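Inspection log for the structure reproduced underneath, given as structure tokens.
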Amino acid sequence: MGKLLYSATMSLDGFIAGPGGDMSWLTRHLGPNPEIDELIGRIGALLVGRRTFGGDDPHRGTDKEGKAFGGGWEGPQFVLTHHAPETVIPGVTFVGDLHTAVKAAKAAAGDRYVSILGADVARQCLEAGVLDEILMIVAPVMLGDGVRMFARPDGDPVDLEQIRVTELPHVTNLWFRVRSS
603 MGKLLYSATM SLDGFIAGPG GDMSWLTRHL GPNPEIDELI GRIGALLVGR RTFGGDDPHR
663 GTDKEGKAFG GGWEGPQFVL THHAPETVIP GVTFVGDLHT AVKAAKAAAG DRYVSILGAD
723 VARQCLEAGV LDEILMIVAP VMLGDGVRMF ARPDGDPVDL EQIRVTELPH VTNLWFRVRS
783 S
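Residue numbers for the sequence shown, in our numbering: 603 to 783.
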């Protein structure tokens with residue numbers, strides 16, 4: 603079975619989205635990233651939070667809008683929500699509980715990664731003990747407010763093992779393995 607990977611671009615002060623879920627800040631930080639280009643080919647499914655699925659898009663107003671990884675990836679998406687829309691969306695399955703969503707996404711991904719999109723879903727996966735790896739792309743900007751990469755007030759520390767760090771002129775990739783407790 604594949605691994606669950608939480609990946610996102612975050613500001614230096616720890617936000618993956620600005621106030622109200624604004625993603626427009628991200629557009630100027632998207633650029634060539636060979637590690638991400640290689641990773642996209644190793645993703646077999648997406649596990650997406652409902653707010654992320656219906657939220658802002660850094661590609662808004664372009665032909666890449668609404669497409670995973672700006673159109674660089676296609677495949678099955680599993681959206682974790684208690685309120686599935688009545689309209690069927692091709693390639694998207696709405697799932698009401700975390701364990702069912704993880705199981706379905708892993709089955710669809712086979713031996714490839716399940717990429718988690720959404721801070722709350724990533725937190726839930728971490729707390730459930732099913733999150734395997736974290737890849738944060740740190741952009742040289744501070745947003746000051748917004749959606750935290752990881753928010754767990756009163757939570758215990760999470761031990762990580764560094765896999766690699768890749769420095770690029772416009773971002774830094776930080777890849778970690780979640781250590782079992």
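By construction, the Cβ of each residue, glycine as well, lies at the ideal position given by its N, Cα and C atoms.
Treat the numbers as computed from the prediction; the structure is a model and nothing was measured.
Proximity winner among R630, S626 and R714, relative to L648 (alpha-carbon distances) = It is R714 whose Cα lies nearest to the Cα of L648.
Rounded to whole angstroms, what's the CA-CA distance from A703 to V716? Just pull it up for me.
-> Near 11 Å, if we compare the C-alpha coordinates of V716 and A703.
Consult DSSP for A647 and reduce its assignment to one of helix, strand or coil.
-> Strand at A647.
4-residue-minimum alpha helix (DSSP H) runs that sit fully inside the region 686 to 721, ordered along the chain = When DSSP assignments are scanned along the region 686 to 721, the uninterrupted stretches of alpha helix (DSSP H) that are 4 or more residues long and fall wholly within it turn out to be 700 to 711.
Would you kindly report the start and end of the unbroken alpha helix (DSSP H) that includes L641?
-> Start and end: P636 to I642.
Hey, M744 and I618: beta-carbon distance below 8 Å or not?
-> No. Outside cutoff.
Minimum C-alpha distance to Q726 - residue among L700, D758 and S609 | Ranking L700, D758 and S609 by Cα distance to Q726 puts L700 first.
If you run the structure through DSSP and keep just helix, strand and coil, what is L728?
-> L728: helix per DSSP, three-state reduction.
Apart from the five residues on each side of it in sequence, which residues of its chain come closer than 8 Å, Cβ to Cβ, to V773?
-> Around V773, the same chain offers T611, H631, G633, N635, I739, V740, A741 and P742 as residues with beta carbons nearer than 8 Å, after the five sequence neighbours per side are excluded.
Which whole-angstrom value is the C-beta distance of G622 and G720, which I expect to be below 8 Å?
-> Not a contact, Cβ separation roughly 15 Å.
Tell whether a beta-carbon distance below 8 Å holds between R779 and E735.
-> Yes, the Cβ-Cβ distance between R779 and E735 is below 8 Å.
Only counting runs of 3 or more residues, tell me where the beta strand (DSSP E) segments fall wholly within the region 732 to 768, in order along the chain.
-> Fully enclosed beta strand (DSSP E) runs of 3 or longer: 735 to 741.
Below 8 Å on the Cβ atoms is my guess for S609 versus L737; work out the distance and round it to an integer in Å.
-> The Cβ separation is near 4 Å, so the contact holds.
Comparing alpha-carbon positions, which option in D747, R754 and G748 lies nearest V723?
-> Answer by Cα proximity: R754.
So the beta strand (DSSP E) A779 belongs to, where does it begin and stop?
-> A quick correction: the sequence has Arg, not Ala, at residue 779. Element bounds for R779: T774 to V780.
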